[in-house]
Amino acid sequence: MKVLFVIKSLALQGGGAERVLGAVSSELWNRRQEVEIATFDRPGAESFYPLCEGLQWSRLGVGDIKHSTGPMGFIRQILALRALLRRHRPAIAVGFMHSGFVPLWLAATGLRTKVIASEHISFDHYRTRPLQGLLMRQAILSADLATAVSAGVREGFPEAIRQRMTVVQNPVIAWSEGSAFAGVDLEPGSENIILSVGRLEPQKDHRTLVAAFDRIAARSPDWKLRIVGDGALATDLMRAAESSAHADRIELTGTIRDIGPQYRRAKIFAMPSLYESFGLVTAEALATGMPAIGFRDCPGTNELIVDGVNGLLVDGDDRVAALAAGLERLMASPELRSKLGAAGPKSVERFSLGSVVDRWEEVLQATNRGERVSG
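So for the sequence shown, full-length UniProt numbering puts the first residue at 1; every next one is plus one.
Laid out in structure tokens, this is it:
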């Protein structure tokens, strides 16, 4: 059974779904499954995340991987994918994210290849993007199967789409050594750092985190805020940090390939997102024994952080005030940080790479047989 994984790019820096695809496809290849990858990257592009040796990667060189795809680029993506499907004849093609599974659905129309639409964002993303939402809906309703990264995310989709979805969670891959549970130092962080990791996009709401830190920083002069990532709001966030009275203690590092040392060094992980699909970086932080803080009404985050067990969930009409209060509570109490951090690794054990790839094998085999996948 040949399986083709399709994603817009593997060359872009810092994407969670890209890291997951690389890890899952590599592990399937190591299990001697017949797996290939296709992206729209230019020929010769290098993957930002490691891929196992021998795994075939077709770089189709169509469209603009850094920006939204226009009509002509979209058509070229469909035609290039269809030509690849005809040549390689995979039994199943899995498209990661709507930018992968929408052109894949159209490219596979009329062919024998079965299509799995692997959704990695919540339905909230589509509320302000009606065209994307329409294409997503049609692709999922036409595919042989769709996956969601958590039960909570699946529940957020309309019923017709929800009925087509099964849950396949993301693996926790905390850094380049492999699994987040391999060789991890679970001692408390060595520096007074509040860490946040993720793309600098509106849904992540890093402005709230900067404002919350600014509100309490004067009372905790030995603490710093470090934000790792890049994205469309990088310039705006830099301006917000520079305008803070505590600008010298707010660091924006950009994307870092080996994120492991950042997790090990920090003492608190903060995720200020409005919504998440799975919350991969939050799970990684928990796996390293770091307490995490996020918002109670944030899908994804509220499925990983158990309030008072492995972190804190805050809420309130004033997001800045709520987050500031929760951060200050953690900053002031080494005992609380130690207690919450100790529970983190156990709370995310179910997301080990081996367990997640076992699930992918189950889904792929059932889809190939034409059977309904439960869960």
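Quick reminder that beta carbons are idealized off the backbone N, C-alpha and C, glycines included.
So, with DSSP's three-state summary, where would you put residue i?
{"i": "Leu145", "result": "strand"}
{"i": "Val184", "result": "Unreliable placement is indicated for Val184, whose pLDDT of 44 sits below 50; the coordinate value is still reported in the next sentence. If DSSP states are grouped into helix, strand and coil, Val184 belongs with coil."}
{"i": "Met238", "result": "helix"}
{"i": "Gly178", "result": "Only weak support exists for where Gly178 lies, its pLDDT of 43 falling under 50; the value from the coordinates is given anyway. Gly178 falls in the strand class under three-state DSSP."}
{"i": "Arg59", "result": "strand"}
{"i": "Met165", "result": "strand"}
{"i": "Lys204", "result": "helix"}
{"i": "Thr39", "result": "strand"}
{"i": "Ile268", "result": "strand"}
{"i": "Ile216", "result": "helix"}
{"i": "Ala108", "result": "coil"}
{"i": "Ile65", "result": "coil"}
{"i": "Tyr263", "result": "helix"}
{"i": "Met136", "result": "helix"}
{"i": "Arg257", "result": "coil"}
{"i": "Ser99", "result": "helix"}
{"i": "Asn170", "result": "coil"}
{"i": "Leu330", "result": "helix"}
{"i": "Arg319", "result": "helix"}
{"i": "Ala245", "result": "coil"}
{"i": "Leu274", "result": "coil"}
{"i": "Pro50", "result": "coil"}
{"i": "Glu191", "result": "coil"}
{"i": "Val373", "result": "coil"}
{"i": "Ala324", "result": "helix"}
Can you name the residues that DSSP bridges to residue i?
{"i": "Met1", "result": "DSSP output for Met1 lists no bridge partner at all."}
{"i": "Lys196", "result": "Per the sequence shown, the amino acid found at residue 196 is Ser instead of Lys. BP columns for Ser196 point to Ile227."}
{"i": "Leu313", "result": "Gly294"}
{"i": "Asp307", "result": "Gly311"}
{"i": "Glu34", "result": "Lys2"}
Return the chain-ordered list of same chain residues with a C-beta closer than 6 Å to the C-beta of residue i, the five sequence neighbours on each side being excluded.
{"i": "Gly254", "result": "Asp230"}
{"i": "Arg226", "result": "Ile193, Leu195 and Glu251"}
{"i": "Ile305", "result": "Ala292, Gly294, Gly311 and Leu313"}
{"i": "Phe269", "result": "Leu195, Ala285, Met290 and Ala292"}
{"i": "Leu340", "result": "Pro291, Asn310 and Gly311"}
Can you confirm whether residue i, when its beta carbon is compared against all beta carbons of chain C, has any partner nearer than 8 Å?
{"i": "Gly300", "result": "Of the chains in the structure shown, none is chain C; there is only one protein chain."}
Ordered along the chain, which non-local residues of its own chain (more than five positions away) have a Cβ less than 8 Å from that of residue i?
{"i": "Gly156", "result": "Ser122, Phe123, Asp124 and Pro299"}
{"i": "Arg89", "result": "Lys2, Arg112 and Thr113"}
{"i": "Trp57", "result": "Leu10, Glu36, Ile37, Ala38, Thr39, Ser47 and Leu51"}
{"i": "Arg219", "result": "Glu328"}
{"i": "Trp105", "result": "Gly95, Val115, Ala117, Gln138, Ala139, Ser142 and Ala143"}
{"i": "Leu28", "result": "Val3, Val35, Val357, Trp360 and Glu361"}
{"i": "Asp315", "result": "Phe295, Arg296, Asp297 and Ala322"}
Check for me: the beta strand (DSSP E) holding residue i runs from which residue to which?
{"i": "Val281", "result": "Premise fails: Val281 lies in the alpha helix (DSSP H), Leu280 to Ala287, not in any beta strand (DSSP E)."}
{"i": "Glu251", "result": "Ile250 to Gly254"}
{"i": "Gly95", "result": "Ile92 to Phe96"}
{"i": "Val115", "result": "Lys114 to Ser118"}
At which residues does the alpha helix (DSSP H) containing residue i begin and terminate?
{"i": "Lys346", "result": "Pro334 to Ser347"}
{"i": "Ala17", "result": "Gly16 to Asn30"}
{"i": "Gly73", "result": "Pro71 to His88"}
{"i": "Asp124", "result": "Neither: Asp124 is in no alpha helix (DSSP H) and is coded neither H nor E."}
{"i": "Asn368", "result": "Leu353 to Arg369"}
{"i": "Ala151", "result": "Ala151 to Glu155"}
Using C-beta distances below 7 Å, list every residue in its chain close to residue i, excluding the 5 sequence neighbours before and after it, in chain order.
{"i": "Gly22", "result": "Leu10, Ser47, Tyr49, Pro50 and Leu51"}
{"i": "Ala247", "result": "Ala241"}
{"i": "Ala212", "result": "Val320, Leu323, Ala324 and Leu327"}
If contacts are defined as beta-carbon pairs under 8 Å, then residue i and residue j qualify, I think. What distance do you get, rounded to the angstrom?
{"i": "Val149", "j": "Val363", "result": "Actually they do not touch by this definition, with Cβ atoms about 13 Å apart."}
{"i": "Gly173", "j": "Met97", "result": "Just to set this straight, residue 173 is Ile in the shown sequence, not Gly. Contact doesn't hold; Cβ gap of about 17 Å is too wide."}
{"i": "Met165", "j": "Thr147", "result": "6 Å"}
{"i": "Leu237", "j": "Arg215", "result": "Contact flag wrong, Cβ pair sits at about 17 Å."}
{"i": "Arg257", "j": "Thr288", "result": "Actually they do not touch by this definition, with Cβ atoms about 17 Å apart."}
{"i": "Val62", "j": "Arg76", "result": "4 Å"}
{"i": "residue 376", "j": "Ser277", "result": "Here the chain covers residues 1 to 375 and nothing more, so residue 376 does not appear."}
The ligand GDP and residue i: does any heavy atom of the ligand fall closer than 7 Å to the residue's C-beta?
{"i": "Arg199", "result": "No copy of the ligand GDP appears in this structure; indeed no ligand is present at all."}
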